[in-house]
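Encoded as structure tokens, the structure appears first; notes follow it.
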Ligand SMILES: [Zn+2]
């Protein structure tokens, strides 16, 4: 069988036979010694081009004798997916997932190099010297939305709240959580996080897009894939913005298509939004919001409305009480204040202090919003994308 160059592997394309050497393998650091992590491999071909590969924690033992460091192999049956954006070891845009469908054949006496150099342009050297902190909170957030329950019919009898109230409830354990109605628009769609999820219809494992179809890394998937909407967005009204996940019922209603049908219209790339979803940005919506016990915000149902009416303050929300109380003094926030350093979040400056320190300038970017709401919003956002490092608890 003909062999392909590593440099020719594209994400989401069917596998072709590779001849590669395993230069190294490693498991990412985890503070929990009991947690089993995936195994990562750095593979290089005879041209010196390298690619990353991963096998899942459950398959580490299976591959431990098959793919030994410094040995060379013919490799096929992998899943090619987009490379990780965060700190990849090689600049290649694809990376390989090694599942149970992978075939490995040892290659004796190969001339494949035993080293790999990834040279950095001199211009990039300064930026590369600083070690960035990983955004591990992101995966946690994704996992929350991957374990959501079934959605419900819209219920107009629910209490209508503003997004600032949603944030207050989501970030405060004492506030009542549950379902609410909210008028809002989608201001941002996190396209890079995908708009639908793929599951193997046979073994329930995560599936992958490949050419014009979907594959499972472990089985031939005779029953086909299970496709479900899972859209990560930022929703906005005049009071604030927050992260929110849209799921099956909401997107069935907004697009007029089931996920399977919309994917079937030539949209099988989860990281490329079809126009039916792209067009939802800035459209006025009536949302059924579910604030879950863990503080995540899901949209159980949604429909288009003609205009957004001004949000009614939530009388049960402490935040809204402050808002009503403070309306007489109307403190506006200068744009520079929106970038509150994380160290200030635990010791927020009180509204009174701020009003003395800050000029009462009208901000061109912010609505007339009390400081307390903005700091809640910033706290909420930063808690979704927690930076973990050795000093974190
Ligand atoms: Zn499967």
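Numbering (the working numbering), first residue to last: 40 to 432. Note that the Cβ used here is the ideal one computed from N, Cα and C, for glycine as well.
### Message
Within 8 Å, do at least three Cβ pairs link the region 106 to 125 to the region 135 to 144?
### Response
yes
### Task
Using beta-carbon positions only, say whether residue 214 and residue 53 come within less than 8 Å of one another.
no
### Message
If you follow the beta strand (DSSP E) that residue 339 is in, where does it begin and where does it stop?
### Response
336 to 343
### Task
Determine the direct distance from the alpha carbon of residue 310 to that of residue 111, and round the result to whole angstroms.
33 Å
### Task
Report yes if the C-beta of residue 241 is less than 7 Å from at least one heavy atom of ligand 1; otherwise report no.
Yes, Cβ of residue 241 sits closer than 7 Å to a heavy atom of ligand 1.
### Message
So within the region 94 to 179, which uninterrupted alpha helix (DSSP H) runs reach at least 4 residues, ignoring any that extend past its ends?
### Response
99 to 103, 164 to 168
### Query
Who are residue 216's beta bridge partners in DSSP?
Answer is none; residue 216 lacks a bridge partner.
### Query
When the Cα atoms are used, what is the spatial distance from residue 231 to residue 95?
22 Å
### Integer Cβ distance of residue 81 from residue 155, believed to fall under 8 Å
7 Å
### Message
Is it buried or exposed, residue 40, if we count other Cβ atoms within 10 angstroms and call 16 or more buried?
### Response
exposed
### Query
So which of 209, 239, 91, 284 has the shortest CA-CA distance to residue 124?
91
#### Entry: For residue 50, the nearest candidate out of 344, 153, 307 (CA to CA)
307
### Message
Please report the straight-line C-alpha distance between residue 247 and residue 204, rounded to a whole angstrom.
### Response
38 Å
### Query
For residue 269, which three-state DSSP category applies?
coil
#### Entry: Close Cβ partners of residue 44 (< 8 Å) along its chain, the five nearest in sequence each way excluded
Closer than 8 Å at Cβ, skipping near neighbours: 84, 86, 88.
#### Entry: Contact under 8 Å by Cβ, residue 228 with residue 316
yes
### Query
So residue 289 is in the alpha helix (DSSP H); what residue range does that whole segment cover?
287 to 294
### Query
By DSSP, does residue 198 sit in helix, in strand, or in coil?
coil
### Query
Using the beta-carbon count (16 or more within 10 Å), is residue 295 buried or exposed?
Residue 295 is exposed by the Cβ-count criterion.
### Message
Do residue 108 and residue 64 count as a contact pair if the criterion is CB distance below 8 Å?
### Response
Result yes, Cβ atoms of residue 64 and residue 108 sit closer than 8 Å.
### Query
Between which two residues does the alpha helix (DSSP H) harbouring residue 56 extend?
Element bounds for residue 56: n/a, residue is neither H nor E.
### Query
In chain order, what residues of the same chain have a beta carbon less than 6 Å from the beta carbon of residue 46, not counting five sequence neighbours either side?
88
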